[in-house]
Structures are given as structure tokens and as C-alpha cells.
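Protein chains in written order, with this note's numbering: chain A, 1 to 236; chain B, 237 to 528.
If you want it as C-alpha cells, here you go:
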């Protein structure tokens with residue numbers, strides 16, 4: 001059974017049908033990439049999974065339970081954590097406070113200390129800047145902080161929305177390495193990217209979205225080799 | 237010199253009450269971007285609660301203060317739940333007009349229930365005046381200043397050090413991101429209203445003690461002045477609201493002491509106009525920069 005199963009999902013913004021009957025699934029331990037152009041509905045799907053948006057129809061089943069009617073905090077508690085597009089760290093709060101916020105639902109002190117240790121190990125640069133205002137970090141560091149914050153809740157499924165957006169090339173490679181390392185440690189990853197080449201290269205499976213529908217699916221390698229995908233998303 | 241010191245004491249006492257009120261404005265604005273015009277009326281409710289409990293239940297000062305804070309916290313939460321929550325996704329002007337409506341409702345329901353007459357606030361603490369270096373200071377003034385400062389420090393600790401305080405700050409800078417880390421937005425907003433309203437309740441009891449008179453419309457002018465104080469300090473900023481409150485209190489006393497009592501309210505509004513012209517973000521206002 002799939003860890004997360006999205007079935008016939010439709011989401012509207014007012015009169016606009018942003019997502020029109022999308023189905024896909026994620027198995028435990030996979031990296032699954034959703035690729036597609038701007039406006040394809042990728043972010044909308046992610047926000048609906050994490051409970052910020054409510055679907056017009058369709059179901060989202062996580063570990064056998066329907067979650068499409070749950071509110072965001074319940075979904076975080078169930079083990080799904082999202083790194084939002086544009087990072088959305090908390091400015092005016094220190095790096096440490098930002099990480100603490102990520103563990104908001106944890107009350108066990110020991111488990112919180114473990115989360116901190118794990119995040120420091122994954123992102124040593126954050127440890128050096130614990131007391132610094134998060135808003136003063138560079139874009140790449142902010143992305144790491146956003147990812148660290150999401151990992152603080154020890155998610156089973158991590159949702160990443162455009163983690164490489166607006167970053168310098170050196171950071172982009174680092175971020176993709178980190179995503180792979182997160183998977184190695186047993187966290188399942190749903191990755192949304194416009195950088196389709198890199199996203200498919202590290203993905204076990206991928207789905208190509210356009211105008212709110214799934215146009216194609218396959219393993220990462222299959223999609224990378226596909227001529228249509230190459231033409232549309234990989235620059236020929 | 238003595239006059240100056242005397243006015244300083246008077247200004248700080250009055251200012252600390254404005255500061256307590258301004259905190260509620262600034263916190264509520266910070267979290268849901270609403271100027272809660274009913275906030276001054278919560279302060280009136282606090283004063284009336286103090287009046288009744290001291291007169292009829294013979295509460296002492298501390299008991300009256302703490303119970304007024306609790307009752308006002310509940311009132312604030314109920315008002316938010318009934319009046320503002322249904323409008324969470326409505327345009328901001330809708331909620332603003334609703335706040336004015338809530339304000340009129342509270343003023344008129346209290347006038348209807350208890351009459352619009354001014355009442356004498358019971359002298360729960362006997363006034364004693366001390367003269368130090370020619371400056372007269374009453375035990376009531378000391379009590380007001382000490383209570384207000386204690387509450388402000390307590391509030392600052394709650395905001396900086398507790399989990400709910402961090403949640404409040406997180407929701408006020410980025411509600412979506414806050415929800416994604418598992419913060420219950422509605423509960424955090426209720427908590428903010430509870431905190432802000434309890435400060436207003438405390439201010440109500442303190443002003444009753446200071447001026448000895450209360451009436452159902454007593455919240456209107458101080459409410460607006462506290463709002464000015466919050467704007468002067470930088471709306472959304474907690475230390476700013478405290479500072480703004482003290483500044484407005486000092487200004488008002490200064491204007492009175494030079495013989496322009498009739499213009500003390502005008503002076504406060506003049507400051508509002510000047511601040512909005514030259515420093516629209518206020519003293520501690522944040523010029524929010526976003527990194528994209």
C-alpha cells in the first residue's frame with residue numbers, strides 16, 4: 001500500500017480550477033518529483049496535502065487514513081511536514097527560535113534535543129548562526145533553515161516546494177545532495193521543482209503536470225529520457 | 237525643577253495606564269491586522285468589574301485587579317469569537333467597522349444596564365501622599381506604576397520565552413508558515429485577545445483608582461489615545477506600545493501643566509498627525525524587508 005495516495009484531486013481558487021482530477025501516489029522511502037511549468041498546479045497540490053487548502057473533490061489518503069478534511073496542525077502531527085515555496089522562515093526570530101518553532105508539537109525534551117542534534121549534523125552552518133536573526137541569512141542558508149525547521153518535527157513524509165528557487169548554483173547542488181541524504185535516512189520525499197533535470201535525476205519516480213492535470217508519469221530515468229519531457233522541460 | 241519632577245511623576249502614572257491599553261492594540265494589530273476599536277470598552281468593563289466587586293463583594297485591590305483581568309480576558313476572547321472570527325477572510329475594512337460596532341454595543345449595553353451616570357470608584361486603598369524633595373507622590377501613583385511595569389515585564393516574558401508567545405510571534409509574521417509547523421492559528425489569536433484584554437482590564441481598575449470615577453463611555457477617549465500611543469511606538473511592536481503610552485501620558489501632563497488643559501486631547505492628536513507624516517512606521521516600527 002502506498003504511503004500517500006492522492007486520488008482525483010480537484011482544487012479551485014474561486015472560479016479558477018487550479019487542479020483538475022490529479023491522481024498519484026508515493027511509496028515509503030521514495031523520492032517522488034512533480035515537475036511542470038509555472039501555473040501547472042504543483043504548489044496547489046502541496047498546499048492541499050498539508051491542509052492549507054481544501055479540495056473541491058477527491059481524496060488524499062495517508063497511511064490508510066483520509067486526511068483531506070484535516071487541518072494543517074493535525075497533518076503535521078501525523079508526520080507530514082512541508083517546506084514552503086519561498087522558504088517562509090520567521091524573520092525577527094533567531095535561527096534557534098525558528099528551529100524551535102519546527103518542533104512546536106513536540107513536548108518531549110529528549111526527542112527535541114535529538115531533533116536539534118540531527119539538524120545541526122545535517123546543516124552545520126545553522127549551528128554556527130544559532131543566535132542570528134534568521135532574516136540576515138543568505139538565500140541558501142534560509143533554505144537550509146526552512147528544511148531544518150521542517151525536519152524538527154521528525155516527519156515521515158517531507159514535502160519540498162521549489163527548494164532550489166532563486167539560489168546560487170553552488171547551493172542548488174548542495175540542496176539536491178541534502179534531499180538525497182534525507183531520503184537515505186528513511187524520510188520519504190515529495191519534491192516539486194522547476195529545475196526538472198535535477199529533480200528527475202534524484203527521483204525514484206516522477207509525474208509531469210500541465211494545466212492542473214497529470215500528463216505523464218514514470219521512473220525518474222524514464223522521464224529524463226522521454227523526448228516530450230526533454231522538449232518541454234529540459235530545454236531540448 | 238520641582239514642578240518638572242512633579243509633572244514627570246504624574247505623566248508616568250497616567251502614561252503607564254495608556255501603555256497597558258496600547259499593548260492590547262498593538263498585539264491584536266500584529267496578529268490579525270485589525271485596529272480593535274472595542275479595546276477601550278474592554279477597559280471600561282474592567283473598571284466596572286472592579287467597581288462592583290470592591291463595592292458589593294468587598295474584594296481587596298489585588299483580588300479586584302486579577303479578577304478584572306480574567307473577566308476581561310474572557311470578554312476579549314468571546315468578542316473575537318463572535319464578532320471577528322466570522323470575518324477572518326473578509327476585507328479588513330469590514331472587520332474594522334465591526335470593531336466600531338462592537339464598541340458602540342458595549343457602551344450602550346452598559347449604559348442600558350447600569351445607567352449612563354458617572355459613579356465614584358470605591359477607595360479600596362486609602363490615599364497617602366508622600367513628599368520627597370518637594371515632589372508630591374501618592375501611594376496610588378506608586379501602585380499604578382509598579383503594577384503596570386510588573387504586567388509589562390510579565391507580558392514581555394510571555395511573548396519572548398513561552399511557547400504560546402513564540403506562536404504569537406510566528407503567526408504575526410507569517411500565518412501560513414506558522415500553520416505548517418503545527419500552530420493552531422485560531423487558538424493563538426484567542427490567546428492574543430485574552431492577553432491584550434487582560435491588560436486593558438488591569439488598566440481599567442487602575443484608572444478607577446486614580447481618577448475615582450467611571451462611566452460607560454469612559455473607554456472612548458483613552459481608547460483612542462492608547463491607539464495613538466501604539467502608532468507612535470510603531471504598531472505591532474510591543475516595546476513600542478509601552479514607550480508610546482508613556483510618551484503620550486507625559487505629553488498630556490506637560491500640556492496641562494503649562495495651562496493648556498483644554499487642549500490636552502488636541503495635543504495628542506497633533507502628535508498622531510506629525511508621526512504619521514514624518515515617521516509613519518512609528519519609533520520601533522519595522523520596515524519589513526523581504527528576501528526573495
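Ideal Cβ placement from N, Cα and C applies to all residues, glycine included. Just so we're clear, the structure is a prediction, and the values are computed from it rather than from any experiment.
TODO: Count the other CB atoms, across all protein chains shown, that sit within 10 Å of the CB of residue 13(A); report buried if there are 16 or more and exposed otherwise.
DONE: exposed
Task: Unbroken alpha helix (DSSP H) run spanning residue 422(B), endpoints - done: 421-447
Open item on the list: Using C-beta distances below 8 Å, list every residue in its chain close to residue 69(A), excluding the 5 sequence neighbours before and after it, in chain order.
Closed with: Excluding residues within five positions, the ones whose Cβ falls inside 8 Å are 54.
Open item on the list: Looking only at its chain, what residues have a beta carbon closer than 6 Å to the beta carbon of residue 82(A), apart from the 5 residues adjacent to it on each side?
Closed with: 50, 159
Open item on the list: Does the CB of residue 371(B) have a neighbour CB from chain A at under 7 Å?
Closed with: Closer than 7 Å: no.
TODO: With DSSP collapsed to three states, give me the class of residue 344(B).
DONE: helix
Open item on the list: Is it the case that the stretch 313-320 of chain B contacts the stretch 420-438 of chain B, given that we only count it when at least three CB pairs across the two stretches are under 8 Å?
Closed with: Contact check between the stretch 420-438 of chain B and the stretch 313-320 of chain B: three or more CB pairs, one atom from each, fall below 8 Å, which counts as touching.
Task: For residue 26(A) and residue 188(A), believed in contact at Cβ under 8 Å, the rounded distance - done: About 6 Å separates the two Cβ atoms, so the contact holds.
Task: Residues of its chain near residue 47(A), where Cβ-Cβ distance is below 7 Å and the 5 sequence neighbours each way are ignored - done: 53
TODO: In the DSSP assignment, find the alpha helix (DSSP H) that holds residue 369(B) and state where it starts and stops.
DONE: No alpha helix (DSSP H) contains residue 369(B), which DSSP labels as neither H nor E.
Task: Nearest-angstrom Cα separation, counted from residue 122(A) out to residue 45(A) - done: 28 Å
- [ ] With a 10 Å radius around its C-beta and 16 neighbouring C-beta atoms as the bar for buried, classify residue 161(A) as buried or exposed.
- [x] Label assigned to residue 161(A): buried.
Task: Span of the alpha helix (DSSP H), counted from its first residue to its last, around residue 75(A) - done: 72-78
Task: Neighbour list for residue 52(A) in chain B, Cβ cutoff strictly below 8 Å - done: Simply 412, 415, 416.
- [ ] Determine the direct distance from the alpha carbon of residue 276(B) to that of residue 456(B), and round the result to whole angstroms.
- [x] 6 Å
Task: Partners in chain B for residue 56(A), counting only beta-carbon separations shorter than 8 Å - done: The contacting residues do not exist; residue 56(A) stays about 17 Å from chain B at best.
Task: CB contact below 7 Å: residue 264(B) versus chain A - done: no
Open item on the list: Nearest by alpha-carbon distance to residue 74(A): which of 147(A), 105(A), 152(A) is it?
Closed with: 105(A)
Open item on the list: Please state whether the Cβ-Cβ distance between residue 480(B) and residue 76(A) is less than 7 Å.
Closed with: Residue 480(B) is not a Cβ neighbour of residue 76(A), given a cutoff of 7 Å.
Open item on the list: Which same chain residues end up closer than 6 Å to residue 408(B) when comparing Cβ atoms and leaving out the 5 residues on each side of it in sequence?
Closed with: The beta carbon of residue 408(B) sits closer than 6 Å to the beta carbons of 266, 267 from its chain, once the five residues preceding and following it are set aside; these are given in chain order.
- [ ] Using a threshold of 7 Å, state whether the C-beta atoms of residue 252(B) and residue 384(B) are closer than that.
- [x] yes
TODO: Identify the contact partners of residue 105(A) in chain B, using a Cβ-Cβ distance below 7 Å as the criterion.
DONE: Correct list: 418.
Task: Residue-chain proximity (residue 13(A), chain B), Cβ-Cβ < 7 Å - done: no
Task: Straight-line gap, residue 494(B) to residue 459(B) (C-alpha atoms, nearest Å) - done: 24 Å
Open item on the list: Within the continuous alpha helix (DSSP H) that includes residue 408(B), where are the two ends?
Closed with: 399-409
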